[in-house]
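Numbering (UniProt numbering), first residue to last: 1 to 118.
Encoded as C-alpha coordinates, the structure appears first; notes follow it.
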(Lines of atoms letter the chains of each structure in order from A and count residues from 1; the text may use other names and numbers.)
(Lines give C-alpha, C1' and ligand atoms only; values in the text may rest on other atoms or scores of the structure.)
Protein backbone atom coordinates (compact mmCIF):
# COMPACT_ATOMS: atom_id res chain seq x y z
CA UNK A 1 0.00 0.00 0.00
CA UNK A 2 1.44 3.30 -1.02
CA UNK A 3 -1.04 6.06 -0.11
CA UNK A 4 -2.05 7.46 3.24
CA UNK A 5 -5.41 8.86 2.10
CA UNK A 6 -7.85 7.89 -0.63
CA UNK A 7 -10.45 9.63 -2.74
CA UNK A 8 -12.94 6.74 -2.50
CA UNK A 9 -13.30 3.10 -1.46
CA UNK A 10 -12.34 1.81 -4.89
CA UNK A 11 -9.12 3.84 -4.75
CA UNK A 12 -8.27 2.18 -1.41
CA UNK A 13 -9.17 -1.33 -2.62
CA UNK A 14 -7.13 -1.01 -5.82
CA UNK A 15 -4.13 0.16 -3.78
CA UNK A 16 -4.32 -2.99 -1.63
CA UNK A 17 -4.82 -5.50 -4.43
CA UNK A 18 -3.05 -3.61 -7.23
CA UNK A 19 -0.70 -5.33 -9.61
CA UNK A 20 -0.87 -8.52 -11.59
CA UNK A 21 -0.30 -11.12 -8.89
CA UNK A 22 -2.00 -10.23 -5.60
CA UNK A 23 -5.55 -11.09 -6.68
CA UNK A 24 -4.34 -14.42 -8.12
CA UNK A 25 -2.51 -15.25 -4.88
CA UNK A 26 -5.60 -14.33 -2.85
CA UNK A 27 -7.71 -16.56 -5.06
CA UNK A 28 -5.28 -19.48 -4.75
CA UNK A 29 -5.42 -19.23 -0.95
CA UNK A 30 -9.22 -19.01 -0.93
CA UNK A 31 -9.93 -22.59 0.20
CA UNK A 32 -7.03 -23.64 2.39
CA UNK A 33 -3.57 -22.74 3.65
CA UNK A 34 -0.73 -23.59 1.27
CA UNK A 35 2.98 -24.08 1.39
CA UNK A 36 5.15 -21.95 -0.88
CA UNK A 37 5.67 -24.62 -3.56
CA UNK A 38 1.96 -25.42 -3.74
CA UNK A 39 1.14 -21.75 -4.04
CA UNK A 40 3.67 -21.25 -6.81
CA UNK A 41 2.08 -24.10 -8.78
CA UNK A 42 -1.37 -22.54 -8.32
CA UNK A 43 -0.23 -19.19 -9.75
CA UNK A 44 1.17 -20.02 -13.21
CA UNK A 45 3.83 -17.71 -14.57
CA UNK A 46 4.91 -16.13 -11.29
CA UNK A 47 8.60 -16.31 -10.49
CA UNK A 48 9.87 -17.41 -7.10
CA UNK A 49 11.28 -13.93 -6.46
CA UNK A 50 7.98 -12.23 -7.34
CA UNK A 51 5.93 -14.64 -5.21
CA UNK A 52 8.20 -13.99 -2.21
CA UNK A 53 7.91 -10.22 -2.73
CA UNK A 54 4.14 -10.30 -3.11
CA UNK A 55 3.64 -12.55 -0.08
CA UNK A 56 5.79 -10.23 2.04
CA UNK A 57 3.75 -7.20 0.94
CA UNK A 58 0.49 -9.05 1.57
CA UNK A 59 1.68 -10.15 5.00
CA UNK A 60 2.74 -6.59 5.81
CA UNK A 61 -0.71 -5.16 4.99
CA UNK A 62 -2.52 -7.93 6.85
CA UNK A 63 -4.00 -9.95 3.97
CA UNK A 64 -1.92 -13.08 4.50
CA UNK A 65 -0.71 -14.91 7.60
CA UNK A 66 2.63 -16.74 7.48
CA UNK A 67 2.86 -19.69 9.87
CA UNK A 68 6.33 -21.12 10.50
CA UNK A 69 6.43 -24.61 11.98
CA UNK A 70 9.56 -25.43 13.98
CA UNK A 71 10.49 -28.75 12.44
CA UNK A 72 13.11 -30.29 10.19
CA UNK A 73 12.85 -29.67 7.30
CA UNK A 74 11.30 -26.23 7.93
CA UNK A 75 7.64 -25.88 7.04
CA UNK A 76 5.90 -22.58 6.26
CA UNK A 77 2.22 -22.21 5.37
CA UNK A 78 0.39 -19.18 4.06
CA UNK A 79 -3.27 -18.52 4.76
CA UNK A 80 -5.71 -15.66 4.42
CA UNK A 81 -6.48 -13.46 7.39
CA UNK A 82 -10.04 -12.27 7.98
CA UNK A 83 -9.04 -9.07 6.16
CA UNK A 84 -7.77 -11.14 3.21
CA UNK A 85 -10.94 -13.27 3.15
CA UNK A 86 -13.07 -10.13 3.08
CA UNK A 87 -11.11 -8.83 0.08
CA UNK A 88 -11.44 -12.19 -1.66
CA UNK A 89 -15.21 -12.02 -1.15
CA UNK A 90 -15.21 -8.58 -2.75
CA UNK A 91 -13.24 -9.94 -5.74
CA UNK A 92 -15.78 -12.71 -6.50
CA UNK A 93 -18.06 -10.45 -8.61
CA UNK A 94 -15.02 -9.18 -10.52
CA UNK A 95 -13.99 -12.78 -11.29
CA UNK A 96 -17.53 -13.58 -12.42
CA UNK A 97 -17.49 -10.53 -14.70
CA UNK A 98 -14.15 -11.71 -16.14
CA UNK A 99 -15.55 -15.22 -16.78
CA UNK A 100 -18.63 -13.77 -18.48
CA UNK A 101 -16.59 -11.48 -20.74
CA UNK A 102 -13.43 -13.56 -21.21
CA UNK A 103 -13.97 -14.22 -24.92
CA UNK A 104 -14.50 -10.53 -25.62
CA UNK A 105 -11.40 -9.59 -23.62
CA UNK A 106 -9.31 -12.25 -25.40
CA UNK A 107 -10.58 -11.03 -28.80
CA UNK A 108 -9.57 -7.46 -27.96
CA UNK A 109 -6.12 -8.64 -26.83
CA UNK A 110 -5.69 -10.70 -30.01
CA UNK A 111 -6.73 -7.75 -32.18
CA UNK A 112 -4.31 -5.45 -30.32
CA UNK A 113 -1.49 -7.97 -30.83
CA UNK A 114 -2.28 -8.33 -34.53
CA UNK A 115 -2.38 -4.58 -35.11
CA UNK A 116 0.96 -4.04 -33.36
CA UNK A 117 2.61 -6.64 -35.64
CA UNK A 118 1.28 -5.09 -38.86
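Every residue, glycine too, gets a C-beta built ideally from N, C-alpha and C.
Among the options, nearest to residue i - alpha-carbon criterion
i: residue 69; options: 78, 61, 62; result: 78
i: residue 194; options: 38, 63, 39; result: The requested residue 194 is not part of the displayed model; the chain covers only 1 to 118.
i: residue 52; options: 30, 76, 99; result: 76
i: residue 94; options: 7, 11, 9, 23; result: 23
i: residue 19; options: 99, 46, 90; result: 46
Per-residue burial, residue i [other beta carbons within 10 Å of its own, 16 or more giving buried]
i: residue 58; result: buried
i: residue 54; result: buried
i: residue 72; result: exposed
i: residue 37; result: exposed
Whole-number beta carbon distance between residue j and residue i, since they are thought to touch under 8 Å
i: residue 30; j: residue 88; result: 6 Å
6 Å Cβ shell around residue i - same chain, five flanking residues per side excluded
i: residue 21; result: 46, 54
For residue i, the residue or residues it bridges with in DSSP
i: residue 31; result: DSSP, once it has assigned bridges, lists no residue as partnering residue 31.
Beta-carbon proximity list for residue i, same chain, < 8 Å, skipping 5 on both sides
i: residue 27; result: 88, 91, 95
Neighbour flag for residue i against chain D, beta carbons, 8 Å
i: residue 94; result: In summary, chain D is missing from the structure at hand, where a single protein chain is found.
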